[in-house]
Amino acid sequence: MREGILLASLTDRVAIVTGGGAGIGRATALLFSHEGARIVVADISMQAARQVAEEITRENRDAVALTTDVMQRDSVQKMVEESLRRWGRIDILVNIVGGSFPKPVLEMEESEWDRVVNLNLKSVYLCCRAVLPAMAQGRYGKIVNLASAQAFTGSETRANYTAAKLGVVGFSKSLALEVIGLGINVNVVAPGLVATERVRSRFTEEGWKEVTSARPMGRAVMPEEIAGAILFLVQDSQASVTGQIIHVNGGAVMI
99 MREGILLASL TDRVAIVTGG GAGIGRATAL LFSHEGARIV VADISMQAAR
149 QVAEEITREN RDAVALTTDV MQRDSVQKMV EESLRRWGRI DILVNIVGGS
199 FPKPVLEMEE SEWDRVVNLN LKSVYLCCRA VLPAMAQGRY GKIVNLASAQ
249 AFTGSETRAN YTAAKLGVVG FSKSLALEVI GLGINVNVVA PGLVATERVR
299 SRFTEEGWKE VTSARPMGRA VMPEEIAGAI LFLVQDSQAS VTGQIIHVNG
349 GAVMI
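First residue of the sequence shown? That's 99 in my numbering, and the numbers climb one at a time after it.
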């Protein structure tokens with residue numbers, strides 16, 4: 099094998115990262131920018147998106163911050179239109195936005211079900227649907243959607259979340275088959291417990307130590323490790339990898 103063939107290079111690729119203002123999204127945006135990509139940092143919070151975009155541009159790399167509500171078709175379409183206006187194409191889409199609001203099914207209102215399913219599943223459909231015409235025209239595209247380890251195990255009080263995340267898997271596999279002849283790859287990364295600020299804020303210091311020490315690796319997964327798995331999937335050297343799931347959970351779930 100030629101030396102360097104597996105080295106990542108995203109030089110001049112245009113990448114949209116939803117949820118790019120924090121956590122896994124921020125780590126992915128920064129990693130991609132270091133590999134030469136032009137980054138669209140899309141987030142519901144313009145302040146968060148702008149902070150990440152400024153981190154990138156301070157290093158003389160290309161980035162733009164966009165306020166995007168991924169549950170709203172018009173907002174998603176504006177994100178895509180602005181990306182195309184600025185750089186003329188879209189090569190990569192990483193759907194990271196997600197979240198859960200725990201509640202038992204017996205206490206869950208229909209609106210609470212819809213909110214979580216829309217946030218975690220409908221958003222993936224809307225974003226993929228919006229970028230596909232540009233990717234198809236260019237006969238090139240890399241899409242990575244985030245699921246969750248909990249989609250494969252179930253999670254008490256998170257039935258809506260686990261249903262949506264497993265839906266992301268089914269959607270991604272089906273879409274991968276639909277677009278395989280268009281030069282577009284669609285894959286899934288399924289994180290376990292990730293040490294983002296948002297996740298850590300749910301625990302006391304002692305509680306965090308307890309839950310992470312019980313993991314096979316004795317710690318949570320770092321956002322940068324998830325970003326590394328995403329980077330692997332968007333490399334040109336992985337053109338034959340599509341419709342697949344990469345589990346990154348420190349051995350907590352083995353499938």
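Ideal Cβ positions, reconstructed from N, Cα and C, are used throughout, including at glycine.
- Short of 6 Å from the beta carbon of G119, and not among the five residues preceding or following it, lie these beta carbons of its own chain, in chain order: D141, S143, A146, A147, V150.
- With a cutoff of 9 Å on beta-carbon distance, M177 and A228 are scored as near each other.
- As a beta-bridge residue in DSSP terms, N285 pairs with V242.
- Taking a cut-off of 8 Å on C-beta distances, the segment 334-350 touches the segment 274-287, as three or more cross pairs fall below it.
- A325 and A234 have their C-alpha atoms some 25 Å from each other.
- Judged by their CB atoms, V287 and N243 are nearer to each other than the 9 Å cut-off.
- In the DSSP assignment, H345 is bridged to A288.
- As DSSP reads the structure, N193 sits in a beta bridge with T116, N243.
- If you look at L164, you'll find it in the beta strand (DSSP E) that goes 161-165.
- Of all alpha-carbon atoms in I344, V174, L164, G290, the one lying nearest the alpha-carbon of S253 is that of G290.
- Counting every other CB atom within 10 Å of its CB across the protein chains shown gives K307 a total below 16, marking it as exposed.
- Per the DSSP secondary-structure output, V297 pairs with nothing in a beta bridge.
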